[in-house]
Structures are given as structure tokens and as C-alpha cells.
Amino acid sequence: MDAEAAKLIGAGLAAIGAGMAAIGVGNVFGSFLESALRNPAAADGQQGRLFIGFAAAELLGLLAFVVAMILLFVV
Amino acid sequence: MAAESGKIDPMHQFEVTPLGGGFNLGGHEVFFTNSALWMVIAAVVLGLFMWGGMRRQLIPGRWQVAVESFTGFISNMMTANIGTEGRKYTPYVFSLFMFILFCNLLGMLPLGVLGVHPFTVTSHIAITGVLALLSFSIVLVVGFWRHGLHFFSLFVPHGTPLPMIPFIAVIEFISFMIRPFSLGLRLFVAMTAGHVLLKVLSGFVINGFNADNLVIGSVVSVLSFTLMIGISALELLVAGIQAYVFALLTSLYINDAVNLH
Chain A
1 MDAEAAKLIG AGLAAIGAGM AAIGVGNVFG SFLESALRNP AAADGQQGRL FIGFAAAELL
61 GLLAFVVAMI LLFVV
Chain B
1 MAAESGKIDP MHQFEVTPLG GGFNLGGHEV FFTNSALWMV IAAVVLGLFM WGGMRRQLIP
61 GRWQVAVESF TGFISNMMTA NIGTEGRKYT PYVFSLFMFI LFCNLLGMLP LGVLGVHPFT
121 VTSHIAITGV LALLSFSIVL VVGFWRHGLH FFSLFVPHGT PLPMIPFIAV IEFISFMIRP
181 FSLGLRLFVA MTAGHVLLKV LSGFVINGFN ADNLVIGSVV SVLSFTLMIG ISALELLVAG
241 IQAYVFALLT SLYINDAVNL H
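Sequence lines, in order, name chains A and B. In this text, residue positions in the first sequence follow full-length UniProt numbering: the first is 1, and each later residue adds one. In this text, residue positions in the second sequence follow full-length UniProt numbering: the first is 1, and each later residue adds one.
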């Protein structure tokens, strides 16, 4: 396989990571909403933890993006 | 014409270009770049925003309410995460939050229609990395200042069984050292990704209008443009969330240094 083609395929495969992070972020907010509706009084106190979970899940998707960008523009 | 070859160049917007001549400083050419210009603009706009709201009126006007809601937001966050000790660090975290927020938002301004291209300062790891290192150094300085060598107990959580201590300590140490990296990287990549996406979509709009097949071309253009409006709104949300996440994580890291755990 041509090295250039392999690079593009690799960048495309890295997009799977971004999709997986989308599932993760959706899971974080979905679970939060589910439990927030059960006990709305406690929801506001957990907003900090919500965003910590969001940040952790999102970071992994962003890392996949970095891999794609490095493959496309740096290597 | 960007559309001649149909080639979209999404990375061009992140180019740092010098404005005017530079001067020599110890063998290095020092330039005033567009990045520096937009940092100055962000600082000036932020200064004006704060100055307009610091009149300390008994019955606050709209502007003062806007500024006070920002200060109250950060001050509440610090008290909730650190406790009363956290008030000392509120000015730092507040400046960090507002500067990142204003840089993010100024980079989103659609000034390109006027021919002025806004530069997103936070889309460079050189900037976000320095901000992250600043937070990390504050954590180290405060931690060692307050607790001395006892600060190392951060790496051994309470109640760890004795045989597990070497493994846990290594993992905790790695997760501690990776903090400035992940903190800077998150902001930088989130801003870069959003701007690349917007640029690619705007390339679709232009390419669609220049296409040979007018029907398919205009369908592509209109769809891409609609998507661009939605993505722009999402990017405004991301700009706020990333600034908030940066401030929130900084406050949590400072909490580790102040209270250990």
C-alpha cells in the first residue's frame, strides 16, 4: 500500500475514537439527566462532577482528533 | 478563489504571522504577531467589560449584574470545591476563566466578512500549555509551601492496603504529572477542532456554488450553510464549556494542594 494512502486510512480510523468519545459524553450527560430527574433537589450540587466526567470523556475523543491531525499534517 | 481546485485548506487560519518589523533580542528575532495582537484585544475588551461593571452601585445596572454574575459564579465554584481557603485563589482562577472565555469568543467572531480574520489565541498549545503550566506550578508551590514533604502523601490515598501502595503511588504520580498536559491539550484541541470543522464546511459552501452541476451544488451549499449555523452555535457553547472546565479543573487541582485528600 502507498504510504500516503495508509496515512489517510489511519486518519479515518482515528475518527472511530471520536465517535466512541461521543458515546462516552452522551453517556455522562444521559446518566446525569436520568438521575437528576429522579432527585432534582440534589442535581445542582453535582454539576461540578458532571463537568469533570464530561471533560475526562471528551479528552479521549480529542486525543483521537490529535492522532488524525498528526497523521494528516505532521507525519 | 478558494474553489478553483476544490482544495480546502483548514489549517491556514492557525498560521502565526508577524505584523510589522521585529527586533533582535539575544540572537532571536522578536515579532509582534497576530496572536499577540488578539491577546491584547482580548485583554482590552476584558478590561472594558470589567471596568464598566465595577461601579459598585447599591442598585446594580444591567452591566454590573452581568459582571457580578461572572464573579459570583467563579467565587461560588471556588468555595464549593476548596472551602473558605479557596477565596485566596479566586482572583487567579477568575482571570484565567475570563481570559480564556474572551479569547475563545473573540476567535468566533464572524469578522471574516469584513476582511479581518480573527485569530483564536487558545487554538495554540503554546498558549494553553503555558496557562496549564501556570496552574500546575501554583499547585506545586502551594502544596509544598503548606504541607512541605507531607505533600507527597497525595500519591497514597487514605486506606490503601500496604501491598498496593507501590502500584497506587506510581499510578497516582503519573496521573498527577499528566495534568498540565491534559489541561492544555483539551482546550487547544477543542478550539482547533471546532475551527477546522467550520472551515471545512465553509469550503463546502464555496465549492458547492462553484460546481458545474448547479442543482447538486446549491443543495450541498445550502445544507452545509445550515449545518454551519448549527455548528457555530455549538462552538459558542464549547467556548464557554472549555473555559469553565479549565477553571473547574484548576480549582480541583488547587484543592488537592490545599487540603490534600
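For glycine and all other residues, C-beta sits at the position ideal for the given N, C-alpha and C.
If you look at E29(B), you'll find it isn't in any alpha helix (DSSP H); it sits in the beta strand (DSSP E) that goes H28 to V30. Burial of A68(A) is indicated by the presence of at least 16 other C-beta atoms within 10 angstroms of its C-beta. In this structure, DSSP gives N24(B) an extended state, which the three-state scheme calls strand. Counting the other Cβ atoms within 10 Å of the Cβ of A247(B) gives 16 or more, which makes it buried.
Chain order gives the chain B residues near G48(A) as M77, A80, N81, L248, S251 and L252, where near means a beta carbon separation below 9 Å. If you draw a straight line from the Cα of Y89(B) to the Cα of T160(B), it comes to about 31 Å. Neighbours of V245(B) across chain A, judged by C-beta separation under 9 Å: F51, I52, F54, A55 and E58. R56(B) and V130(B) have their C-alpha atoms roughly 34 Å apart. According to the DSSP secondary-structure assignment, T33(B) is paired through a beta bridge with P18(B). Looking only at F102(B), N207(B) and M228(B), the smallest Cα-Cα distance to S218(B) is reached by N207(B). DSSP assignment within the stretch 82-127 of chain B yields no whole beta strand (DSSP E) run of 3 residues or more. Taking 7 Å as the Cβ-Cβ cut-off, the stretch 9-34 of chain A has no residue approaching chain B. Here D256(B) carries a helix assignment [DSSP, helix/strand/coil]. Bounds of the alpha helix (DSSP H) holding G48(A) are Q47 to M69.
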